[in-house]
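*Asks:* Supplied in structure tokens, the structure appears directly below.
Residue numbers (the working numbering): 113 to 206.
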């Protein structure tokens, strides 16, 4: 692979990491909003209906946390790829 191709791949990987980090930020915001909604529901709605809504919100919060964990794993994988490409680029320099 040429140095130019390596550099282009590195730039694409870095761009992907930035996009994933933006998605993580949005997901954290969603988690915060869901938590806020859960508090409001628990204060406003009683009975089984309130419990069902709270359980649904808990499920959404847990799913959002799992999404963030997967996104962070993706970032780690991409960063490993960037390091591999950078090492390859450095070898081409010599």
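Glycine included, C-beta positions come from ideal geometry on N, C-alpha and C.
With the cut-off set at 8 Å, would you say residue 219 and residue 173 are in Cβ contact?
*Replies:* Residue 219 is absent from the model: the chain starts at 113 and stops at 206.
*Asks:* Shortest alpha-carbon distance to residue 150 belongs to which of 130, 178, 166?
*Replies:* 166
*Asks:* Please state whether DSSP places residue 157 in a helix, a strand or coil.
*Replies:* coil
*Asks:* So residue 161 and residue 154 are in contact, right, with Cβ under 8 Å, and what is the actual spacing, rounded?
*Replies:* Rounded, the Cβ-Cβ distance is 12 Å, inconsistent with contact.
*Asks:* Output needed for residue 128: all residues of its chain with C-beta closer than 6 Å, excluding positions within five of it in sequence on either side, in chain order.
*Replies:* 190
*Asks:* What's the call for residue 146, buried or exposed, on a 16-neighbour Cβ count within 10 Å?
*Replies:* Residue 146 is buried by the Cβ-count criterion.
*Asks:* If you drop the 5 nearest sequence neighbours on each side, which residues of the same chain put their C-beta closer than 6 Å to that of residue 118?
*Replies:* 197, 200, 201
*Asks:* Would DSSP call residue 206 helix, strand or coil?
*Replies:* coil
*Asks:* Among residues of its own chain, excluding the 5 on either side of residue 203, which ones have a beta-carbon nearer than 6 Å to its beta-carbon?
*Replies:* none
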